[in-house]
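Structure, as structure tokens:
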Amino acid sequence: MPGKSMKARLIKLLEKSLETCFEKGILTEKDIPSIEVESTKENSHGDYATNLAMILASSMKTNPRKIADAVAENIQDEDNLLEKWEIAGPGFINFFMRGNAWVTLLKEVDEKKDRYGKSGLGKDKRVQVEFVSANPTGPLHIGHARGAVIGDVIANILEASGFSVFREYYINDAGNQMNNLGKSVFYRYRELSGEKIDYPSECYQGQYIIDLAGEILEKSGDKYLTKEEEEGVIEFFTDYAADRILKGIKTDLEAFGVVFDRYFSEKELYKNDGVWKLLRELQKEGFVYKDGDTMWFNTKDFGDEKDRVVVRANGEPTYFAADIAYHQNKYLRNFDTVIDVWGADHHGYVPRMYAGIQALGKKREALEVVLVQLVNLLRDGKPVAMSTRAGEFVTLGDVVAEVGKDASRYNFLMRRSNSHLDFDLELAKKQSNENPVYYVQYAHARISSIIRTALERGYEIPAYDDVDLSLLVLPEEFNMIKSIDKFPELIEGSAKTLEPHRITFYTNDLASIFHSYYNKNRVLSDDVELSKARLFLVKCAGIVLRNALRILGVSAPERM
RNA sequence: GCGCCCAUAGCUCAGCUGGAUAGAGCGUCGGACUACGAAUCCGAAGGUCGAAGGUUCGAAUCCUUCUGGGCGUGCCA
370 MPGKSMKARL
380 IKLLEKSLET
390 CFEKGILTEK
400 DIPSIEVEST
410 KENSHGDYAT
420 NLAMILASSM
430 KTNPRKIADA
440 VAENIQDEDN
450 LLEKWEIAGP
460 GFINFFMRGN
470 AWVTLLKEVD
480 EKKDRYGKSG
490 LGKDKRVQVE
500 FVSANPTGPL
510 HIGHARGAVI
520 GDVIANILEA
530 SGFSVFREYY
540 INDAGNQMNN
550 LGKSVFYRYR
560 ELSGEKIDYP
570 SECYQGQYII
580 DLAGEILEKS
590 GDKYLTKEEE
600 EGVIEFFTDY
610 AADRILKGIK
620 TDLEAFGVVF
630 DRYFSEKELY
640 KNDGVWKLLR
650 ELQKEGFVYK
660 DGDTMWFNTK
670 DFGDEKDRVV
680 VRANGEPTYF
690 AADIAYHQNK
700 YLRNFDTVID
710 VWGADHHGYV
720 PRMYAGIQAL
730 GKKREALEVV
740 LVQLVNLLRD
750 GKPVAMSTRA
760 GEFVTLGDVV
770 AEVGKDASRY
780 NFLMRRSNSH
790 LDFDLELAKK
800 QSNENPVYYV
810 QYAHARISSI
820 IRTALERGYE
830 IPAYDDVDLS
840 LLVLPEEFNM
850 IKSIDKFPEL
860 IEGSAKTLEP
870 HRITFYTNDL
880 ASIFHSYYNK
890 NRVLSDDVEL
900 SKARLFLVKC
910 AGIVLRNALR
920 ILGVSAPERM
């Protein structure tokens, strides 16, 4: 029965065996646990093992080996998958697969091709992934870059898992910072016009502010000099700067392979009194209360350390207030799940947001927050001095221009989101064995090269039914198939845990298995039938590498 | 002070949500190109999983305490 992974097939066997045991009365029926089968590390333990008997033993209060005996006894290996199976250790059942059981797994790869690895896990579910969401007060820097790739790849993984995915960037363009941006440009503008200005330290320091001021000066001359702040000058400077900066952000992201379905402006939320309407509603429902001129949200009732302000004493709503409205807006757009990818420095904000969505009547599960730890930018092992305050930082655009899209994306995906990441510019740039991205791409290019050579020698690219797969008998070949077979399960696992790094590690594994095989064995030899079988095998490996790299947003080159 | 995260080989990190003798890359040492691409491969050395208790058939993984680092603890975002 092709179309199922080896694990799935074994689980089926075990389920049937359990049923038989219950029918025969050998085992008394209890809650049937979800059966787990895992691949083993040790060859002497076979290819796969299950701890089923040990799990059952605790609920049935019997000897695990006795249960294992019964289950093993009643396994009906109708498809002839197994060489043998045996009981070992405290009650594991170890499965030893037959050589020719492996090759049947490749049928699915060949049939599905680009679709191999995809699943219907998220069928009919709409999920929104919000990420990056940096203020348009300056270009994106290296820290944003990591969040950008992680958000993007999470979205890719979910798409591959059948979710309907929407990528969104929340433009935080309504707050104080924006006003500050406008002022900064305005001061620089006056400065450029020859005025002596004591440039305030709380203003943005970067060179890009001066560039923007210069642009305005060039286009409009000094006509804003004579106007007073009340006449909307600052507003003009703010809007101009934000617009230009946002365009730059979009350009940088695009070069990085990150494209959003929508850029959502915070201002949108204030239209038609939106934020206020929501606040009044929440007040009516008792989640928001007034204390003097200040309005508080009782986040403490939801497990936060203390209540949080939603409207300041000066009458202005906080960022948090707008964010609740934003999340309400998301749910009104019928997303079943909302995923927020945040920098880890915002972790204190998490309980607040959960409180927010629960007040909106949503379950906790309707929101998932992925925290991305900070990036240490290095060059040749030495930290690169960066100060947002002083306006000295390496931008995302700089990184992509210097090390390239593929290498930088891959490097950002090599660690769990939750742990700190060292990003070394020189290392990421190196086209050597120190740089893992090439290792994987090289495997793909090599496979492409083999296929090219095969075509030159008159082979056709074989399909599943064209080859005698019983000729594949080497342990390395079974090993490769085993790894290929794991791929769909890997994607599913990454989708459930929202962990892109798993795929990075997987591509490395599969590439390693392939390289090793390649060095030891010839794919194309004098033996035509064997060559066809092996060609088919490496073709399948190539498909999987390509599919995995596509999810990572890294190219799979045919030559390099 | 309180809260969250991290601690695994010399370095950088995985460890599939509790499984059997803890893995990989880099670095070090020693090997492999007249053969489909050497950006590759093979071998060796390298560990008290920060520490101490606890939970159970079984713990790097779960619970408690402690140590050391990062972040947060705004009517900033």
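Sequential numbering of the first sequence, starting at 370, is according to the numbering used here.
Built from N, CA and C at the ideal position, the CB exists for glycine as well.
- Comparing alpha carbon positions, the residue from 800, 893 and 465 closest to residue 409 is 465.
- Contact between residue 781 and residue 747 fails: their C-beta atoms lie close to 14 Å from each other, not under 8 Å.
- Annotated three-state conformation of residue 693 is helix, per DSSP.
- Between residue 870 and residue 778, the C-beta gap is not smaller than 7 Å, which leaves the two residues out of contact.
- C-alpha of residue 513 to C-alpha of residue 815: approximately 34 Å in a straight line.
- Annotated three-state conformation of residue 789 is coil, per DSSP.
- The way I'd put it, the region 520-537 doesn't touch the region 546-553; fewer than three beta-carbon pairs between them come closer than 8 Å.
- Contact between the region 913-925 and the region 876-896 is present, with at least three C-beta pairs closer than 8 Å.
- Beta-carbon to beta-carbon, residue 657 and residue 651 are separated by about 4 Å, close enough to satisfy the 8 Å threshold.
- For residue 685, the three-state secondary structure derived from DSSP is coil.
- Residue 632 places its beta carbon 7 Å or farther from that of residue 523.
- Contact check between the region 839-847 and the region 802-812: fewer than three CB pairs, one atom from each, fall below 8 Å, which does not count as touching.
- For the region 482-515, the full-length beta strand (DSSP E) segments reaching 3 residues or more read 495-499 along the chain.
- The beta carbon of residue 921 sits closer than 8 Å to those of 522, 525, 778, 779, 782, 869, 872, 873 and 876, all from its chain and outside the five residues before and after it, given in chain order.
- Note that the C-beta distance between residue 694 and residue 638 is below 7 Å.
- Put simply, the region 702-709 touches the region 733-740. At least three CB pairs are less than 8 Å apart.
- In the structure shown, residue 467 falls within a coil segment according to DSSP collapsed to helix, strand and coil.
- Burial is judged here by how many other beta carbons sit within 10 angstroms of a residue's own beta carbon; residue 788 has fewer than 16 and is exposed.
- Residue 608 and residue 538 have their C-alpha atoms roughly 18 Å apart.
- One thing to note: residue 486 has its Cβ no nearer than 7 Å to the Cβ of residue 926.
- Nearest C-alpha to residue 504 among 895, 688 and 716: 688.
- Here residue 696 is buried: its Cβ has 16 or more other Cβ atoms, across all protein chains shown, within 10 Å.
- Here DSSP, grouped into helix, strand and coil, assigns residue 455 to strand.
- Here DSSP, grouped into helix, strand and coil, assigns residue 431 to coil.
- In the DSSP assignment, residue 767 falls within the unbroken alpha helix (DSSP H) covering 765-772.
- Residue 441 places its beta carbon less than 7 Å from that of residue 462.
- Residue environment for residue 568: exposed (fewer than 16 other C-beta atoms within 10 angstroms of its C-beta).
- When the five nearest sequence neighbours on each side are left out, the beta carbons in the same chain lying within less than 8 Å of the beta carbon of residue 613 are those of 581 and 584, in order along the chain.
- Ranked by Cα distance from residue 579, the options 554, 676, 457 and 563 are led by 554.
- When Cβ pairs closer than 8 Å are counted between the two stretches, the region 466-477 is seen not to touch the region 429-445, the count staying below three.
- Bridge pairing for residue 402: absent [DSSP].
- Annotation: residue 422 to residue 443 spans about 13 Å, alpha carbon to alpha carbon.
- A check of alpha carbon separations from residue 867 across 420, 776, 817 and 709 identifies 709 as the nearest.
- Within a 10 Å sphere around the beta-carbon of residue 673 sit 16 or more other beta-carbons, which makes this residue buried.
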